[in-house]
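These notes concern the structure reproduced below.
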Amino acid sequence: MQIELRDWENARWGALVRAQAAAFTVEQAKRHGIPDYRVRAQVAAQRWQRVYPRVYAAYNGPLTAETRLWAALLYAGPEAVLCRESAAHSWGLQDEPPRIIHVLVTGPMKLTAAEGVDIHRTRRPLTGGDIYRSDGPPRTSVERTVLDLAEQFDDLEAVCELVAKAVRSRITTGAQLNQALERRSHARHRKLLRECCLLAADGAHSLLEMRHARLCRRHGLPEPARQVPFQGQSGRYRFDGFYEHERLVVELDGWKFHGHQEAWSKGQLRDFDIKLDHLEILHLPGSLVLANPCEAARRQAAALHLRGWTGSFRPCRVCA
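Start counting the sequence shown at 1324; every next residue gets the next number (this note's numbering).
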């Protein structure tokens, strides 16, 4: 992208255009002393291009992704922010950018969605906790983004994984998400979201860890400390779960576990290090935790009893 600025343009204008990835509105141009006819002349000379009605880019050729984002926001209005999938991608919660740019505005809807732009409206004013502004395009806060996106999901496991990913990425905490949830008068999946937020606040940073915490609570099992660091003879590790009194390590093995020879070898060395420190290790396959949590709970209770736990396994409504 080569921004085309002319000698008759001032420094403040150049700074604005660069800050907005070369996107600007006719109104912004006028405020900086650039009348309509100069904008039209630059377009006619193929130095600039029209993106949306009254929104232009100060260069010619294919638009960059950031220019498209800024252009969509400028089209929607001065208070518009990226939301939903577009905000999620900006926060790193989605790997691929959405085909449609999602923009949130307040007040009555005065615009129709432009090509490639979906404009969402909220009747409630956006507060400081709803918006994140930085050098890039403004977007909804990570907490609002997670809650907005979770409401779009029908898959309950996707809701849990979204909360876990946000906390795991260290861009928010379970407590902050729960506070944002409490401020909402209406929220789809509220009960599940609250549970996920509280589990994340207690250290469950993946869908597996959340489901494991849930099976512990439903079957009367003590919950282990999570993500506990351990220095072994072959390296430094983190335990998914650790019962210090029983000296029992709980590992939740995802579908990629032991996927190839190198991973298998590392796993063997890791288990050997753990046993050298007089610890016992219980591997719970992720498929078991997700598909048959009652059986996973029974196995964990048996392992705890072998290590001296005196509590009792409590059948849940499913396995009673």
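Backbone N, C-alpha and C define an ideal beta-carbon position, used for all residues, glycine too. Computed from a prediction, not measured in an experiment: that's the story for all the values here.
C-beta contact flag for residue i and residue j at 7 Å
i: A1380; j: T1468; result: no
i: P1460; j: L1504; result: no
i: A1523; j: G1497; result: yes
i: H1606; j: E1574; result: yes
i: R1621; j: L1571; result: no
i: A1487; j: H1528; result: yes
i: Y1398; j: A1345; result: no
i: P1547; j: G1558; result: no
i: L1530; j: E1484; result: yes
i: V1465; j: I1494; result: yes
i: C1639; j: R1541; result: yes
Spatial distance of residue i from residue j (CA atoms)
i: S1610; j: L1538; result: 14 Å
i: A1342; j: K1433; result: 26 Å
i: R1407; j: H1535; result: 29 Å
i: V1482; j: L1515; result: 8 Å
i: A1624; j: F1636; result: 6 Å
i: G1543; j: D1477; result: 29 Å
i: E1438; j: V1374; result: 10 Å
i: P1420; j: A1394; result: 16 Å
i: K1579; j: P1608; result: Caution is warranted here: a pLDDT of 49 is assigned to K1579, below 50, making its placement in the model unreliable, and no coordinate value can be reported.
i: A1417; j: D1594; result: A quick correction: the sequence has Gln, not Ala, at residue 1417. Near 34 Å, if we compare the C-alpha coordinates of D1594 and Q1417.
i: T1435; j: S1457; result: 27 Å
i: G1582; j: N1615; result: Only weak support exists for where G1582 lies, its pLDDT of 48 falling under 50; the value from the coordinates is given anyway. Approximately 22 Å, taken between the alpha carbons.
i: T1270; j: L1396; result: What is shown of the chain runs 1324 to 1643, which leaves residue 1270 out entirely.
i: T1429; j: A1403; result: 8 Å
i: A1367; j: Y1455; result: 37 Å
i: L1599; j: G1451; result: 52 Å
i: T1633; j: D1596; result: 27 Å
Reduced DSSP secondary structure (H/G/I, E/B, other) of residue i
i: E1574; result: strand
i: E1410; result: Note that residue 1410 is Ala in the sequence shown, not Glu. Three-state result, A1410: helix.
i: E1603; result: strand
i: P1448; result: coil
i: A1643; result: coil
i: Q1554; result: strand
i: T1390; result: helix
i: P1616; result: helix
i: I1597; result: helix
i: Q1502; result: helix
i: R1559; result: strand
Bridge partner(s) assigned by DSSP for residue i
i: D1441; result: H1425
i: T1348; result: V1378
i: V1404; result: L1427
i: A1548; result: F1565
i: Y1455; result: R1462
i: R1373; result: Y1379
Chain B within 7 Å of residue i, Cβ atoms only
i: S1635; result: The structure shown has no chain B; it contains just one protein chain.
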